[in-house]
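Note sheet for the following structure.
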DNA sequence: GTTAGCATGTAAGGAGTTACATGATTTT
DNA sequence: AAAATCATGTAACTCCTTACATGCTAAC
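Protein chains in written order, with the working numbering: chain A, 508 to 717; chain B, 508 to 717.
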């Protein structure tokens with residue numbers, strides 16, 4: 508509720524912006540949105556919906572119209588109110604520095620099509636700087652301790668390092684595309700990525716969760 | 508205390524197994540160990556140390572010997588007790604299915620040198636299956652929803668997918684190495700990864716797999 | 001008509017963060 | 001001797017999960 512780490516708020520508002528939905532379905536969409544695969548539980552979702560309802564950001568759809576439509580309480584379909592839409596827009600177009608934290612970034616990114624290029628660049632570049640700071644600290648700590656580590660620990664750190672490096676490259680490509688023609692290589696998802704800067708990259712983001 | 512998600516217990520015992528340390532220093536080591544870079548707070552660490560102390564798994568080092576040594580309360584250096592060592596060994600050699608969750612996996616991996624090859628294979632393979640399940644669900648949900656997603660969401664899912672694929676390949680290489688001569692390619696960290704299945708590629712690996 | 005799965009919720013508790021409070025040691 | 005930073009700790013609060021409790025709806 509507060510103003511705190513409410514990734515959920517943004518995510519729920521964003522999904523309901525696409526189309527009205529009931530909680531059960533919302534959860535499924537949420538799970539693929541929030542860092543691949545955290546199984547968000549109902550114990551989190553339903554109270555959150557309640558809170559959004561209380562704030563007047565969402566309302567039950569179908570209320571007031573046909574009384575026989577959803578009638579006897581089964582699913583409860585929610586939709587955004589006018590304030591909800593405004594709220595979403597302001598959240599998504601005014602990304603604080605929190606927007607480049609691991610999980611928030613994913614959510615912000617997923618709603619990029621509702622923002623302007625300037626906002627997108629801001630988020631992408633913020634995220635990249637964040638990761639580059641990490642790389643920095645990572646590399647120094649690796650050289651600092653390189654002697655006294657066994658092979659397994661080194662292998663682990665190496666893999667983590669490469670994962671972050673890969674994500675930086677990914678971001679760089681997105682930033683370049685965004686700066687050039689807006690997202691040329693994203694415009695037609697069916698075209699098999701013609702020639703562009705080889706974004707097929709193989710290396711991956713670090714472990715999921717973060 | 509509980510038996511639950513005590514990643515911390517394993518991590519702390521493991522680090523103290525290497526050498527005695529005080530909390531402040533422990534935290535730094537912990538942060539590079541626990542999924543690259545979570546800044547674990549003192550509010551978590553110190554109570555955890557207290558709990559381990561209460562369980563008799565660690566003790567204050569230097570107590571009983573020279574009373575003037577650490578004397579006036581500055582740092583408190585902890586070391587493992589005999590029970591602590593046993594506990595660590597049993598945790599590390601009997602990995603439950605929890606060992607392939609995102610964060611626990613890292614910690615287990617970091618202490619691989621204290622285990623036997625059978626345990627290592629069990630953990631690596633368990634982790635790989637876990638990720639492959641994810642890929643499965645990932646891919647089905649991607650085809651299920653492929654039409655109604657905008658380019659940004661697709662780009663995000665694609666990147667996530669490739670990240671997981673990359674980790675699976677990494678695990679596969681480790682498993683193969685483990686099965687062949689034990690970790691031949693890990694034995695000499697200075698050798699620049701001779702010929703093996705090209706896992707070195709820091710930049711834009713040619714791989715293209717997927 | 002009963003099982004299985006959809007759908008909504010609540011209560012208890014775990015695990016961690018922030019903010020606060022305090023003292024010791026090192027650097028300038 | 002002041003400032004910075006090392007070091008330890010506590011209290012309140014947040015976010016989330018687990019386990020539970022309940023009812024509706026579809027399939028067999």
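Ideal placement from N, C-alpha and C gives every residue a C-beta, glycine not left out.
Bear in mind that the values here come from a model prediction, so they are computed numbers and not experimental data.
- When the alpha-carbon of residue 628 (chain B) is set against those of B:583, B:516 and B:601, the nearest one is in B:601.
- Close partners of residue 597 (chain A) in chain B (Cβ separation under 8 Å) are lacking, with about 19 Å as the shortest Cβ gap.
- At least 8 Å separates the CB of residue 607 (chain A) from every CB of chain B.
- For residue 517 (chain B), no CB of chain A lies under 8 Å from its own CB, so it is not counted at the interface with that chain.
- According to the DSSP assignment, residue 567 (chain B) belongs to the beta strand (DSSP E) that extends over 565–567.
- Less than 8 Å separates the beta-carbon of residue 555 (chain B) from that of residue 515 (chain B).
- DSSP places residue 610 (chain B) in the helix class (H, G or I) of the three-state scheme.
- Residue pairing by DSSP places residue 630 (chain B) in no beta bridge whatsoever.
- Residue 518 (chain B) sits buried, since 16 or more C-beta atoms from the chains shown fall within 10 Å of its C-beta.
- Residue 616 (chain A) is positioned such that its CB atom lies closer than 8 Å to that of residue 659 (chain B).
- Distances from the alpha-carbon of residue 568 (chain B) to those of B:530, B:598, B:547 and B:548 put B:530 closest.
- Of the residues assessed, residue 606 (chain B) falls on the buried side of the cut-off, its CB having 16 or more other CB atoms within 10 angstroms.
- At a cut-off of 8 Å, the C-beta of residue 624 (chain B) has no neighbouring C-beta in chain A.
- Against chain B, the CB of residue 657 (chain A) has a partner CB under 8 Å away; the residue lies at that interface.
- An exposed status is given to residue 549 (chain B), since fewer than 16 other beta-carbon atoms sit within 10 Å of its beta-carbon.
- Cβ-Cβ separation between residue 620 (chain A) and residue 657 (chain B): approximately 5 Å, consistent with a contact (criterion under 8 Å).
- Straight-line spacing of the CA atoms in residue 665 (chain B) and residue 541 (chain B) works out to 26 Å.
- Taking all protein chains in view, the Cβ of residue 593 (chain B) is surrounded by fewer than 16 other Cβ atoms within 10 Å, so the residue is classified as exposed.
- Taken in chain order, the members of the stretch 658–672 of chain B whose beta-carbon sits within less than 8 Å of a beta-carbon on chain A are 658, 659, 660, 661, 662, 663, 664, 666, 667, 669, 670, 671 and 672.
- Flagged as an interface residue toward chain B: residue 617 (chain A), by a C-beta distance shorter than 8 Å.
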